[in-house]
Amino acid sequence: MLKKALIVDDLPFDAELTCRVLRSCDFAHEVVVVSDGEQALRELHKTHDYDVVLLDLALPKVDGFEVLKEISSKPFLSDIPVIVLSSSRNESDRVRTRVLGAGDFVEKAIDYAVFKADLTRALSLYGFGFA
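In this text, residue positions in the sequence shown follow UniProt numbering: the first is 1, and each later residue adds one.
Have a look at this one:
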């Protein structure tokens, strides 16, 4: 089963770590990476067949909160699960993302193993299997 993920992150290193976790999936998938919220919204309006969006909050042009608002307000996008990936340790950010429709919030950990475990757990809720 082919799965399609959209990674929205302005930091290439963080986007690559997220791709690495996705590559550990035990089935085929397609990954599209964009570096700002404006590009993410363009991509989602153009192609809304994503199985999951992995969204950073601190983005140029349009921040992650605005992207979440747009996704949740459009019937053709609101069924796409969104997992927020953020270095924010602020509890109000977690609550705000949930209110705006995010399915989960994963902290970008300095330790790759911790990040991978947390993201793997979140992805498994949406049918992404891992080897």
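Note that beta-carbon positions come from the ideal geometry of N, C-alpha and C, so glycine has one too.
Q | Distance CB(V67)-CB(L55) smaller than 8 Å | A | Contact flag set, yes.
Q: Could you check which residue in D51, D63, D49 and Y50 has the C-alpha nearest to that of D36?
A: Looking only at D51, D63, D49 and Y50, the smallest Cα-Cα distance to D36 is reached by D63.
Q) Looking at C-alpha atoms only, which residue of E91, P12, T120 and L44 is the closest neighbour of D79? A) Per the Cα distances, L44.
(Q) Let me confirm a value: V53 is counted as buried when at least 16 other C-beta atoms fall within 10 Å, else exposed. Which label applies? (A) With 16 or more neighbouring CB atoms inside 10 Å of its own CB, V53 falls in the buried class.
Q) Going straight from the alpha carbon of L17 to that of Y112, what length do you get? A) Cα to Cα, the separation comes out at about 8 Å.
(Q) As an exercise, report each continuous alpha helix (DSSP H) stretch of at least 4 residues that is fully enclosed by the segment 51-87, in chain order. (A) Correct list: 64-73.
Q) Is it right to say F105 is buried, meaning 16 or more other beta carbons lie within 10 angstroms of its own, or is it exposed? A) Buried, since its Cβ has 16 or more Cβ neighbours within 10 Å.
Q: Tell whether a beta-carbon distance below 8 Å holds between K61 and E38.
A: Against a cut-off of 8 Å, the Cβ pair of E38 and K61 comes out as a contact.
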